[in-house]
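Peer 1: Okay, here's the structure, questions in a sec.
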Amino acid sequence: MVIIKEINTRRDKRKFFEFPVRLYKNNPWFVPTLISEEMRDFNPLKNAAFEYASCKMFLAYREGKIVGRIAAILNNTYNYKMNVRQLRFTRFDFIDDYQVSAALFEKVREWALFLDMKEIVGPLGFSDMDKMGMLIEGFEEMDMYITIYNYPYYIDHMERLGL
Numbered sequence: 004m005v006i007i008k009e010i011n012t013r014r015d016k017r018k019f020f021e022f023p024v025r026l027y028k029n030n031p032w033f034v035p036t037l038i039s040e041e042m043r044d045f046n047p048l049k050n051a052a053f054e055y056a057s058c059k060m061f062l063a064y065r066e067g068k069i070v071g072r073i074a075a076i077l078n079n080t081y082n083y084k085m086n087v088r089q090l091r092f093t094r095f096d097f098i099d100d101y102q103v104s105a106a107l108f109e110k111v112r113e114w115a116l117f118l119d120m121k122e123i124v125g126p127l128g129f130s131d132m133d134k135m136g137m138l139i140e141g142f143e144e145m146d147m148y149i150t151i152y153n154y155p156y157y158i159d160h161m162e163r164l165g166l
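Below, the structure is given as structure tokens:
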């Protein structure tokens, strides 16, 4: 059984940002982000994006072990300027188990429905200058610090989720 927990504490945020390091620990192509930068970017007191955006972060657990993560971002300024009702998702990482990816994405869907958003887009960050997108080829090439890396199985999960 997969349990999804919304996180708010500094300790849980650290777990959120450390998860990819464990997920990709045996992958020579993955380049981890700096945890301190991630912690700063998702800190409302240190990231000016929180003046116009809000965020929810979720961890997936199975048998007490973290098996996935996702964050959802509401960028009010973008929605207003573009006249859209979008909720963004980012930092979507998970083991190769559809129950996990589906349970995580369902939390984003629930928040989107609560906010009356018409679409969910991503992976996107707080702004259009942040990391975005997903790797669909070149899995055996060195990742770059400024890009998102993911396993090939993510493609199947995204398609099954309707993304």
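Number 59 in this note's numbering belongs to position 56 of the sequence shown; there are no gaps in the numbering. The beta-carbon is built from N, C-alpha and C at its ideal position, and this holds for glycine as well.
1. Is the Cβ-Cβ distance between L62 and K28 less than 8 Å?
2. Does the Cβ of L26 have 16 or more other Cβ atoms within 10 Å, making it buried, or fewer, making it exposed?
3. Taking a contact to mean a Cβ-Cβ separation below 8 Å, would you say F20 touches M4 in this structure?
4. Please state if the CB of I151 and the CB of L164 are separated by a distance shorter than 8 Å.
5. Could you check which residue in I123, S57, F33, E113 has the C-alpha nearest to that of V87?
6. Return helix, strand or coil for E140, following the three-state DSSP convention.
7. Go ahead and label T93 buried or exposed: buried means 16 or more other beta carbons lie within 10 angstroms of its beta carbon, across all protein chains shown.
8. Check whether the segment 47-58 touches the segment 67-79, taking contact to mean three or more Cβ pairs, one atom from each stretch, closer than 8 Å.
9. Work out the CA separation of A106 and Y83 for me, nearest whole Å.
10. For T12 and V24, what's the separation of their Cα atoms in angstroms?
11. Under 8 Å between the Cβ atoms of I10 and Y64?
12. Going by DSSP, what residue range makes up the alpha helix (DSSP H) through T80?
13. Considering F92, what are the terminal residues of the beta strand (DSSP E) in which it resides?
Peer 2: Result, derived from the coordinates:
1. Start at 1 with the first residue of the sequence shown, and residue 62 comes out as number 59. Start at 1 with the first residue of the sequence shown, and residue 28 comes out as number 25. L62 places its beta carbon 8 Å or farther from that of K28.
2. One-based indexing of the sequence shown puts residue 26 at position 23. By the C-beta density criterion, L26 is buried, having at least 16 other C-beta atoms within 10 angstroms.
3. As a first step, residue 20 is located in the sequence shown; it is residue number 17 there, counting from the start. As a first step, residue 4 is located in the sequence shown; it is residue number 1 there, counting from the start. If you check the CB distance, F20 and M4 do not come in under 8 Å.
4. Numbered from its first residue, the sequence shown carries residue 164 at position 161. Numbered from its first residue, the sequence shown carries residue 151 at position 148. No, Cβ-Cβ distance for L164 and I151 is not below 8 Å.
5. As a working mapping, residue 87 is identified with position 84 in the sequence shown. V87 has its Cα closest to that of I123, out of I123, S57, F33, E113.
6. Here residue 140 is taken as the residue at index 137 of the sequence shown, counted from 1. In the structure shown, E140 falls within a coil segment according to DSSP collapsed to helix, strand and coil.
7. If you number the sequence shown from 1, residue 93 lands on position 90. Taking all protein chains in view, the Cβ of T93 is crowded by 16 or more other Cβ atoms within 10 Å, so the residue is classified as buried.
8. The segment 67-79 and the segment 47-58 touch, with three or more beta-carbon pairs separated by less than 8 Å.
9. Residue mapping note: residue 83 aligns to position 80 of the sequence shown, counting from 1. Residue mapping note: residue 106 aligns to position 103 of the sequence shown, counting from 1. Cα-Cα distance, rounded: 29 Å.
10. Stepping through the sequence shown from its first residue, residue 12 is reached at position 9. Stepping through the sequence shown from its first residue, residue 24 is reached at position 21. Taking the CA atoms as reference points, T12 sits about 20 Å from V24.
11. Taking the sequence shown and counting its residues from 1, the one referred to as residue 10 is at position 7. Taking the sequence shown and counting its residues from 1, the one referred to as residue 64 is at position 61. With respect to Y64, I10 sits apart: the two C-beta atoms are not nearer than 8 Å.
12. Taking the first residue of the sequence shown as 1, we reach residue 80 at position 77. Run containing T80: 79-85, per the alpha helix (DSSP H) assignment.
13. Residue numbering aside, residue 92 sits at position 89 when the sequence shown is read from its first letter. Secondary structure note for F92: its beta strand (DSSP E) is the uninterrupted segment 89-97.
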